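Novice: Residues 42 to 234 (the numbering used here) are what the sequence shown spells out, left to right. Cβ coordinates follow ideal geometry from the N, Cα and C atoms, glycine included. Being a predicted model, the structure only gives us computed values, none of them experimental. Next up is a structure, given as structure tokens.
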Amino acid sequence: MIQKQLDKRKWLHFIIVFCGLAAIVIIAGFISYQKTTPIHEAAIKPGVKEATISFTGVRHAAYEKGIKQWFLNADKVDFINEEGEAVFNQLSVLFYRSKGETISITAQKGIWKTNSNDLEVLGNVVIKNKEYELLTEKMRYDHGARKFETKTPVKIHGNSVNLSAKRMIYNLTTNRIQLFEQVEGTIGKNTDL
42 MIQKQLDKRK WLHFIIVFCG LAAIVIIAGF ISYQKTTPIH EAAIKPGVKE ATISFTGVRH
102 AAYEKGIKQW FLNADKVDFI NEEGEAVFNQ LSVLFYRSKG ETISITAQKG IWKTNSNDLE
162 VLGNVVIKNK EYELLTEKMR YDHGARKFET KTPVKIHGNS VNLSAKRMIY NLTTNRIQLF
222 EQVEGTIGKN TDL
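This is the structure:
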């Protein structure tokens, strides 16, 4: 009986020592990991916002009063809730006008304001309708006013139109383009502007 009590004490002592050593090894490993793991760059750069959620292969349609206003495709989107933004990569947008006409936009990047449906597109921006192609580097779409605006140089090419300007406003509702500053180009004789 005395022998059994000694064996139980030895086992209890062994288990306590083993658990203590295991805890020390785990704590030492954790401290070593913390010292050798690099800090993510975005965590130390001020102003860099992390995405709340990201998706690939994205499609989105914007409706107003049951009428489709625009339809967007993108390779990837990062939603940033704190800013109320969705940042799209490699996007194409199809805007719907009255009478079934459409205008397409492609760009490397787009920033969609989720609270207003406003959209800013950046990088190799190409806008096309059935008659014209417009090229610029950055453009903003004001959803409430249904207007595009760019403050970067713009070029417009069509069958009988070649124009360039420093900035531009295009009203999607009235189909009216306004070019500003250093406007140059040619317009064909029978062109309907």
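Could you tell me whether the Cβ atoms of residue 196 and residue 176 are closer together than 9 angstroms?
Specialist: Reading the sequence shown from its first residue, position 155 is the one you call residue 196. Reading the sequence shown from its first residue, position 135 is the one you call residue 176. Yes. Within cutoff.
Novice: Compute the beta-carbon to beta-carbon distance between residue 151 and residue 129, rounded to the nearest angstrom, for a pair I have assumed lies under 8 angstroms.
Specialist: In the sequence shown, the residue the question calls residue 151 occupies position 110. In the sequence shown, the residue the question calls residue 129 occupies position 88. At roughly 4 angstroms, the Cβ-Cβ gap stays under 8 angstroms, so residue 151 and residue 129 are in contact.
Novice: I'd like to confirm the pairing. Which residues does DSSP put opposite residue 157 in its beta bridges?
Specialist: The residue labelled residue 157 in the question sits at position 116 within the sequence shown. In the DSSP output, where bridge partners are listed per residue, residue 157 has none listed.
Novice: To the nearest angstrom, how far is it from the Cα of residue 83 to the Cα of residue 210?
Specialist: Numbered from its first residue, the sequence shown carries residue 83 at position 42. Numbered from its first residue, the sequence shown carries residue 210 at position 169. Here the model assigns residue 83 a pLDDT of 38, short of 50, so the residue's position is not dependable and the matter cannot be decided.
Novice: Could you give the distance in angstroms between the alpha-carbon of residue 164 and the alpha-carbon of residue 179?
Specialist: The residue labelled residue 164 in the question sits at position 123 within the sequence shown. The residue labelled residue 179 in the question sits at position 138 within the sequence shown. Rounded to whole angstroms, residue 164 to residue 179 spans 6 angstroms at the Cα level.
Novice: Quick one: what does DSSP say residue 179 is sitting in, helix, strand or coil?
Specialist: Against the sequence shown, residue 179 aligns to sequence position 138. Correct three-state label for residue 179: strand.
Novice: Taking the runs of the beta strand (DSSP E) that are 3 residues or longer, which of them lie wholly in the segment 194-230?
Specialist: Runs of the beta strand (DSSP E) inside the segment 194-230: 195-199, 202-206, 208-212, 217-221, 225-228.
Novice: For the beta strand (DSSP E) containing residue 123, list its first residue and its last residue.
Specialist: Taking the first residue of the sequence shown as position 1, residue 123 is located at position 82. Note, residue 123: premise wrong, no beta strand (DSSP E); not H, not E.
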